[in-house]
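In the numbering used here, the protein residues as written are 218 to 528. First up is the structure itself, then whatever we jot down about it.
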């Protein structure tokens, strides 16, 4: 049953790959839709999910979610630095990209539909809350690894992405709503109507994001993905880093419902955004593309396996 649910998610990705391979969608369109997802659909999903599923007490209570994703990324960062010392790379760019791929994984668009299918909307909101820590990790230790441990001031500005702003605004609205405690039925009805509209927009996020992720993968050449470094990366990204993170959640006594979400985040493959970020920060985008494709293909085996073991 778990395998079937996970595979339904990957079917949309596969559709995106086929459409791109057939040239039914262009690179320009893929990039434009990616921007729309990041700046419109996903922020709408964040806002509606938070306001529907959280109150102020629950947000405070679940502070371990963003801390947990920071822990996952930090474990990957440490492993990336350590293992890269024992591998041979073409150049520093490939080494930096290897470290980034160990550090940052696909922490939102792939785990979200899996969590929704397995646990429901409330756990989807838990995942979104956890991305607060993931975003901070991307623009700190993520960029550190991608640039050879050189962090610029601009990186801190990038933390305030549209999704991050949406998280912050959602939290502010929730605290205001709980503090003011509005009783007027007309105001409540208007507010619910607006929220339902935002929710309708947000619901488009998952299928579109998965399709575009597949389309991006459709641009990757299948040759040369089975080299030694990419296989070692896959072993760490899909097995060793998840096992270490899951063990730490257990040791630190994270609550079970929080561990359910964080365990799924931990077992995800490399981030598709790594291809774009590698280009933007002058690292090896070809190696990034190869490892994105390989880890996503292998995760068809590892994700169901881990979900079965830790369900």
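Cβ coordinates follow ideal geometry from the N, Cα and C atoms, glycine included.
{"Asked": "Pair within 9 Å by beta-carbon distance, residue 293 and residue 458", "Found": "yes"}
{"Asked": "Whether residue 506 touches residue 484 by CB criterion (9 Å)", "Found": "no"}
{"Asked": "Close-in-space but distant-in-sequence residues of the same chain around residue 312 (CB under 7 Å, 5 per side omitted)", "Found": "301 and 306"}
{"Asked": "The alpha helix (DSSP H) enclosing residue 395, as first and last residue numbers", "Found": "379-397"}
{"Asked": "Contact under 9 Å by Cβ, residue 316 with residue 351", "Found": "no"}
{"Asked": "Closest by C-alpha distance to residue 501, when choosing among 405, 467, 479 and 447", "Found": "447"}
{"Asked": "Spatially closest choice to residue 528 from 516, 495, 356 and 480, by CA coordinates", "Found": "480"}
{"Asked": "Whole-Å CB distance - residue 236 paired with residue 432, under 8 Å assumed", "Found": "6 Å"}
{"Asked": "Residue 472 classed as buried or exposed, judged by whether at least 16 other C-beta atoms fall within 10 angstroms", "Found": "exposed"}
{"Asked": "Residue from 489, 503 and 477 with nearest C-alpha to residue 279", "Found": "477"}
{"Asked": "Secondary structure of residue 272, DSSP reduced to three states", "Found": "coil"}
{"Asked": "Reference residue 537; option with closest CA among 227, 268, 378 and 299", "Found": "Any property of residue 537 remains undetermined from this structure, which presents the chain solely from 218 to 528."}
{"Asked": "Top-ranked residue by Cα proximity to residue 419, from 289, 275, 253 and 504", "Found": "253"}
{"Asked": "Cβ neighbours of residue 358 in the same chain (closer than 7 Å, five flanking residues each side left out)", "Found": "290, 291, 294 and 320"}
{"Asked": "Spatially closest choice to residue 318 from 487, 441 and 296, by CA coordinates", "Found": "487"}
{"Asked": "Whole-number beta carbon distance between residue 380 and residue 255, since they are thought to touch under 8 Å", "Found": "7 Å"}
{"Asked": "Cross-strand partners of residue 512 (DSSP beta bridge)", "Found": "Paired residue(s): none; residue 512 is not in a bridge."}
{"Asked": "Entirely enclosed alpha helix (DSSP H) segments - the segment 319-346, minimum 4 residues", "Found": "328-336"}
{"Asked": "Short Cβ contact (9 Å threshold) for residue 392 with residue 463", "Found": "no"}
{"Asked": "Counted within 10 angstroms of its Cβ, other Cβ atoms place residue 282 as buried (16 or more) or exposed", "Found": "buried"}
{"Asked": "Spatial neighbours of residue 430 in its chain, beta-carbon cut-off 7 Å, leaving aside the 5 residues before and after", "Found": "230, 233, 326 and 489"}
{"Asked": "Residue 314 classed as buried or exposed, judged by whether at least 16 other C-beta atoms fall within 10 angstroms", "Found": "buried"}
{"Asked": "With 16 other Cβ atoms within 10 Å as the buried cut-off, status of residue 264", "Found": "buried"}
{"Asked": "Environment of residue 443 [buried if 16+ CB atoms lie within 10 Å]", "Found": "exposed"}
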